[in-house]
Structures are given as structure tokens and as C-alpha cells.
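Asker: Could you have a look at this structure, given as C-alpha cells, before my questions?
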Amino acid sequence: MLSQIYKESGISPKVLALGEEVLAGLKERFTEIDAIAEYNQLKVLGAMHKNHVSEMHFQATTGYGYNDTGRDTLERVYADTFHTEDALVRSQITCGTHALNLALSANLRPGDELLSPVGKPYDTLEEVIGIRPSIGSLAEYGVSYAQVDLLPDGSFDYEGIRKAIKPNTKMATIQRSKGYASRPTLSAEAIGELIAFLKSCKPDIICMVDNCYGEFTEITEPSDYGADMIVGSLIKNPGGGLAPAGGYICGTAACVEQVARRLTSPGLGREVGANLGTNPAFYQGFFLAPTVTAGAEKGAIFAASLYEKLGFRVHPASETTRYDIIQAIDLNSAEGLKAFCAGIQAAAPVDSFVTPEPWAMPGYDDEVIMAAGAFVQGSSIELSADGPLRPPFTVFFQGGITWYHAKYGILMSVQKLLDAGLVMC
Ligand SMILES: *Cc1c(COP(=O)(O)O)cnc(C)c1O
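With the numbering used here, letter number 60 in the sequence shown gets 516, and the count goes up by one each step, no holes.
Have a look at this one:
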């Protein structure tokens with residue numbers, strides 16, 4: 457039954473057989489992932505029950521958005537799920553970078569210093585902080601920055617961190633996912649150890665965690681381990697693939713209040729910001745997020761195992777416990793990278809008929825190729841892949857709103873590599 461439909465869908469019996477063989481060895485891992493999703497499903501439902509989510513909360517508001525109980529209740533649902541005092545969840549927060557910029561700039565003042573104890577932050581934060589000079593950066597507002605890299609084995613440089621903390625170190629930014637760097641992704645527990653250390657050095661330091669790609673990959677979040685704020689994008693894990701845009705900041709009442717005033721205005725804070733009809737997608741997406749994240753994680757592990765078996769270097773290795781949904785694979789040639797992306801694109805629900813081509817993306821030294829056929833532009837909880845055309849021709853790949861789509865996309869990528877004579881199987 458399945459082999460026939462896969463054949464009609466462009467997957468040869470050979471590739472399917474290889475996929476099934478790899479999958480047979482992943483049963484236990486998948487069972488563990490399902491248990492995490494089950495736990496998190498109940499966590500989200502518990503928060504929805506506690507806050508009496510009801511049909512009236514799905515109504516659109518316009519204008520100022522005063523008394524938007526749907527919006528306010530959604531924020532309670534996020535806060536209760538992530539065990540924080542308060543939350544802001546808004547479509548007016550345009551993306552993850554915006555949410556992070558708000559959390560930082562709202563809680564820092566001229567003369568303060570920001571510390572990253574986990575090495576260089578995500579690319580887009582370089583201009584937010586002013587590591588790369590940029591108009592409107594924190595540096596322009598007199599906020600300085602210090603960074604302590606991880607030790608070569610990926611552990612925290614506690615001595616270096618202790619030395620880097622100064623009387624004006626107001627805040628620490630801690631990135632959970634490795635993003636597109638080569639360091640390991642941090643578990644919520646490891647982040648907790650770091651936060652405990654930071655607070656033992658300076659009790660009033662504000663610890664913010666960039667939680668992008670990490671939500672629901674474990675049964676705990678960094679907010680369960682003392683983070684003052686966790687911050688992320690709704691077109692990644694917590695939007696469940698349904699949120700059309702948006703970002704969140706969950707944290708202490710004091711930190712979130714600062715962010716609300718920065719997002720809108722002093723005096724207005726969280727009271728304004730019409731939902732413009734996004735509430736049904738926000739609620740339903742959050743409801744789906746635990747299983748959607750689990751599907752994406754299965755895809756990452758399946759890809760790692762399959763490509764490892766084909767002889768490629770993968771990061772993280774297939775056996776590694778996951779705390780995010782990103783998988784990197786060294787494809788060793790431009791042709792390999794292009795074929796991989798062509799496979800992901802061909803499997804997409806949208807724009808499956810186009811072939812991705814490398815292009816000179818502004819801000820990058822090398823050409824970049826991207827595959828995405830998403831319902832929501834740029835959504836990376838949907839199956840997507842990209843990579844710069846330079847050795848070792850690494851593709852970064854993530855997402856998959858359903859596990860079956862992720863599986864099909866990965867099989868299709870192998871098929872394209874096989875068709876191009878770049879792998880043997
Ligand atoms: C995606 C991401 C961001 C930035 O989010 P955008 O929505 O692309 O602005 C920041 N940090 C990490 C770790 C991310 O994965």
C-alpha cells in the first residue's frame with residue numbers, strides 16, 4: 457500500500473527501503489519524543505483549562521485593542537504553560553529578532569552592560585547589540601557588551617564568566633539552540649546551572665534566554681530553571697505552524713512590564729495592541745505546538761540517521777539527545793547541496809514545482825541556496841532547508857508540520873542525490 461503511493465510520489469523502492477531500515481532502528485527514540493509531546497500537550501491543555509479559554513476569546517479586535525480579553529487570556533495561557541509570572545504574545549512583534557531586541561532594549565539602560573556567557577549570539581543579534589555597528593543598536597544607546605566563549609569541549613567557562621561580570625553587568629543573554637553555529641545546543645537544565653552560577657556571582661542579574669527552536673523539545677523550559685525571560689518567534693515551534701506572524705516574551709512581571717512599555721509606549725504598555733483576527737491561529741497553533749515540534753524533531757533524527765548511514769557527517773550526530781529541531785548535514789559538494797534542497801522543495805505543499813537556485817543574498821560572502829514551500833512566509837517550523845555554497849556544503853534543515861511530510865521531504869532529498877549519482881544505496 458505505502459510503497460505504491462511512495463512510488464507514485466517519486467520515491468523509488470530502493471530509497472524507501474533504506475528509509476524503513478533506518479526507521480526501524482529509531483523506534484525507541486520516537487517513543488521518547490512522543491512521551492515528551494504527550495506531557496507537553498497536557499501542560500498546554502492544563503493552562504487552557506485553568507484560564508477558561510472559550511469561543512469569545514477568538515474574536516478579532518481593531519483599533520487600540522482595549523479590553524482584548526482574547527489576547528490577554530492567550531498571554532495567561534503562555535505564562536501558565538511556561539510557568540512564568542507574565543507574558544506578552546503579540547502579532548505586533550514581527551519576528552524572533554524583534555522579540556529579542558524588545559526584551560534587551562526594554563530592560564537595559566545607558567551605562568549597563570550585556571553579557572553573553574555562551575559565545576557569539578545569533579547573527580541577527582549582532583546588529584541589535586552593535587557587535588556589528590548598526591543604526592539604533594544598543595551600543596548607540598550606551599549599552600556595552602561582553603562575551604565569554606564556551607570552552608573547546610562545549611562547557612561553560614565559569615572562571616571567565618566570573619571575571620566578566622562587573623558592577624554594571626545588568627543582563628545576560630543565553631541562546632538555547634546552537635542556531636547555525638557549531639557549538640552544542642543547551643538543555644534547559646544546563647541553562648539552569650548557568651543561571652544559578654550567574655546569580656551566585658550577581659544576584660540581581662537579569663537572565664534572558666533566546667528560546668527560538670527550543671520550545672517543547674523537553675518537558676521543561678529554561679523558565680523552569682530561573683530564567684527571568686524566555687523569548688521566541690511564533691513562526692517557529694510555539695506557533696504550531698498556524699500562527700501567521702508574531703513573537704513572545706514570557707517572564708517575571710517586572711521584566712515583561714518593561715517590554716510592554718517598549719513595545720507600545722510608556723503609559724500604554726500592554727493595554728493596547730488589537731489582535732486583528734490572529735487569535736484563533738495563535739490559540740490553535742499553541743495547542744498543536746507540542747506534536748508539531750515532535751514531528752520536526754523526528755524529522756531531524758531521521759535525517760541524521762539516514763545521512764549518517766549514507767556516509768555523510770551530520771551535526772548533531774544521530775544518537776545525540778535533542779534540545780532543538782535543527783539538523784545540519786555536510787553534503788561535500790555544491791551539487792549535493794543543490795540536490796538536497798531540490799528534494800525538500802519538491803516535497804513541499806506549496807511551490808513544489810520550482811527548483812531552488814543559489815543567489816547572492818545581501819550580507820553573505822557566498823551564494824546561498826534555500827528550499828521552502830511554506831504556507832507562512834519564512835516559517836521555519838515548516839519543512840525548510842538552506843545553506844551557503846562553500847565547503848563543506850552544509851545544509852541546515854528544520855521543521856515539518858507533520859512527521860510524514862518531514863519523512864517524505866527527507867526521502868525525496870536522498871532520491872535527488874541518488875538520481876544525480878551523488879550517493880549509492
Ligand atoms: C530564528 C532565530 C532567531 C531570530 O528569529 P527571526 O524570527 O528569524 O528574527 C534568533 N535566535 C535563534 C536561536 C533563532 O533560531
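We treat Cβ as the ideally placed atom computed from N, Cα and C, and that holds for glycine.
What's the call for R778, buried or exposed, on a 16-neighbour Cβ count within 10 Å?
Answerer: Sequence index remark: in the sequence shown, residue 778 carries index 322 (1-based). By the 10 Å Cβ count, R778 comes out buried.
Asker: Tell me which residues pass a beta-carbon proximity test against ligand 1: closer than 5 Å to any heavy atom, given in chain order.
Answerer: C551, G552, T553, Y578, S633, G635, D666, C668, Y669 and S689
Asker: In the structure shown, what three-state DSSP assignment does G799 receive?
Answerer: Looking up residue 799 in the sequence shown gives position 343. If DSSP states are grouped into helix, strand and coil, G799 belongs with the helices.
Asker: Assuming K702 and I837 form a contact by the criterion Cβ under 8 Å, report the distance between their Cβ atoms to the nearest whole angstrom.
Answerer: Along the sequence shown, one-based indexing puts residue 702 at 246. Along the sequence shown, one-based indexing puts residue 837 at 381. Just to set this straight, residue 702 is Gly in the shown sequence, not Lys. Rounded, the Cβ-Cβ distance is 12 Å, inconsistent with contact.
Asker: For a quick check, are the C-beta atoms of I585 and L560 less than 9 Å apart?
Answerer: The residue you call residue 585 lines up with position 129 of the sequence shown. The residue you call residue 560 lines up with position 104 of the sequence shown. L560 sits close to I585, with the two beta carbons spaced by under 9 Å.
Asker: So, with DSSP's three-state summary, where would you put G707?
Answerer: Counting from 1 along the sequence shown, the entry for residue 707 is found at position 251. In this structure, G707 counts as strand in the three-state DSSP scheme.
Asker: Buried or exposed: which applies to R883, given that a residue is buried once 16 or more other Cβ atoms fall within 10 Å of its Cβ?
Answerer: Outside the displayed range of the chain (457 to 881) lies residue 883, so it cannot be described from this structure.
Asker: Looking only at its chain, what residues have a beta carbon closer than 7 Å to the beta carbon of F538, apart from the 5 residues adjacent to it on each side?
Answerer: In the sequence shown, counting from the first residue as 1, residue 538 sits at position 82. Non-local beta-carbon contacts of F538 in its own chain, meaning distances under 7 Å to residues more than five positions away in sequence, involve E677, S679, I686 and C706 in chain order.
Asker: Our contact map puts E596 next to R588 with C-beta atoms below 8 Å; I'd like the distance itself, whole angstroms only.
Answerer: The residue labelled residue 596 in the question sits at position 140 within the sequence shown. The residue labelled residue 588 in the question sits at position 132 within the sequence shown. Incorrect: roughly 12 Å between the Cβ atoms, too far for contact.
Asker: Starting from the C-beta of R726, find all residues in its chain whose C-beta is less than 7 Å away, skip the five residues before and the five after it, and write them out in chain order.
Answerer: As a working mapping, residue 726 is identified with position 270 in the sequence shown. Excluding positions up to five away in sequence, the list reads L544 and A716.
Asker: Tell me which residue opens and which closes the beta strand (DSSP E) that Q460 is part of.
Answerer: Translated into the one-based positions of the sequence shown, residue 460 becomes position 4. Premise fails: Q460 lies in the alpha helix (DSSP H), L458 to E464, not in any beta strand (DSSP E).
Asker: Check for me: the alpha helix (DSSP H) holding Y495 runs from which residue to which?
Answerer: Numbered from its first residue, the sequence shown carries residue 495 at position 39. First-last of the alpha helix (DSSP H) with Y495: K483 to K506.
Asker: Could you tell me whether the stretch 838-846 touches the stretch 812-830, using the rule of 3 or more Cβ pairs below 8 Å?
Answerer: The stretch 838-846 is in contact with the stretch 812-830.
Asker: Near V471, what residues of its chain come up, given a Cβ to Cβ distance below 6 Å and the 5 sequence neighbours on each side ignored?
Answerer: Locating residue 471 in the sequence shown gives position 15, counting from the first residue. Cβ neighbours of V471 beyond the five flanking positions: L867, V870 and Q871.
Asker: Whole-angstrom Cβ separation of A683 and V665, contact assumed at under 8 Å?
Answerer: Numbered from its first residue, the sequence shown carries residue 683 at position 227. Numbered from its first residue, the sequence shown carries residue 665 at position 209. Going by Cβ atoms, the distance from A683 to V665 rounds to 5 Å, so yes, they are a contact pair.
Asker: Have a look at A493, K483, L474 and Q460 and flag the residue whose alpha-carbon is nearest the alpha-carbon of G696.
Answerer: Looking up residue 696 in the sequence shown gives position 240. Per the Cα distances, A493.
Asker: Using only the alpha-carbon positions, how far apart do L690 and G648 sit?
Answerer: Residue numbering aside, residue 690 sits at position 234 when the sequence shown is read from its first letter. Residue numbering aside, residue 648 sits at position 192 when the sequence shown is read from its first letter. Cα to Cα, L690 sits roughly 24 Å from G648.
Asker: Answer with buried or exposed for G741, where buried requires no fewer than 16 other C-beta atoms within 10 angstroms of its C-beta.
Answerer: In the sequence shown, residue 741 corresponds to position 285, counting from 1. G741 is buried by the Cβ-count criterion.
Asker: Please classify A828: does DSSP put it in a helix, a strand, or coil?
Answerer: Sequence index remark: in the sequence shown, residue 828 carries index 372 (1-based). A828 falls in the strand class under three-state DSSP.
Asker: Return helix, strand or coil for R546, following the three-state DSSP convention.
Answerer: Translated into positions along the sequence shown, residue 546 becomes position 90. Strand.
Asker: In the DSSP assignment, the beta strand (DSSP E) including T858 goes from what residue to what residue?
Answerer: As a first step, residue 858 is located in the sequence shown; it is residue number 402 there, counting from the start. T858 -> no beta strand (DSSP E), and no H or E assigned at all.
Asker: Are three or more beta carbon pairs between the stretch 721-737 and the stretch 519-527 nearer than 8 Å?
Answerer: Taking 8 Å as the limit for Cβ pairs, the verdict is that the stretch 519-527 does touch the stretch 721-737.
Asker: Which residue wins for smallest C-alpha separation from T788, given the options D609, S510, P746 and L766?
Answerer: Along the sequence shown, one-based indexing puts residue 788 at 332. The question names Thr, but residue 788 is Asn in the sequence shown. Minimum Cα distance to N788 is reached at L766.
Asker: Give the single residue among F768, P722, V748 and Q801 whose Cα lies nearest to the Cα of A562.
Answerer: As a working mapping, residue 562 is identified with position 106 in the sequence shown. Checked all of F768, P722, V748 and Q801; the closest Cα to A562 is P722.
Asker: Please report the residue range of the alpha helix (DSSP H) in which P469 lies.
Answerer: For the purposes of this step, residue 469 is taken as the residue at position 13 of the sequence shown. Taken as a continuous stretch (DSSP letters only), the alpha helix (DSSP H) holding P469 covers P469 to A480.
Asker: Distance, Cα to Cα, S459 vs A652?
Answerer: Here residue 459 refers to the residue found at position 3 when the sequence shown is read from its first residue. Here residue 652 refers to the residue found at position 196 when the sequence shown is read from its first residue. If you take the alpha carbons of S459 and A652, they lie about 52 Å apart.
Asker: Does chain C have any CB closer than 9 Å to the CB of A759?
Answerer: Annotation note: the requested chain C is absent from the structure, which comprises a single protein chain.
Asker: Express the C-alpha separation of I467 and P478 in angstroms, rounding to a whole number.
Answerer: Numbered from 1 along the sequence shown, position 22 holds the residue referred to as residue 478. Numbered from 1 along the sequence shown, position 11 holds the residue referred to as residue 467. It is worth fixing the name first, because residue 478 is Val in this sequence and not Pro. Whole-angstrom Cα-Cα distance: 16 Å.
Asker: Between the alpha carbons of E883 and G688, how many angstroms are there, rounded?
Answerer: Summary: the structure shown does not reach residue 883, with the chain confined to residues 457 through 881, and so no result is reported for it.
Asker: Report the residue ranges of all beta strand (DSSP E) runs contained in full by the stretch 747-777; include only those spanning at least 3 residues, in chain order.
Answerer: Scanning the stretch 747-777 from its first residue to its last, the whole beta strand (DSSP E) runs of 3-plus residues come out as 769-771.
Asker: Please check the pair G877 and D780, which I expect to be a contact at CB under 8 Å, by giving their CB distance rounded to whole angstroms.
Answerer: Position 421 of the sequence shown, counted from the start, is the residue given in the question as residue 877. Position 324 of the sequence shown, counted from the start, is the residue given in the question as residue 780. In fact, because the Cβ distance is near 33 Å, the residues do not count as touching under 8 Å.
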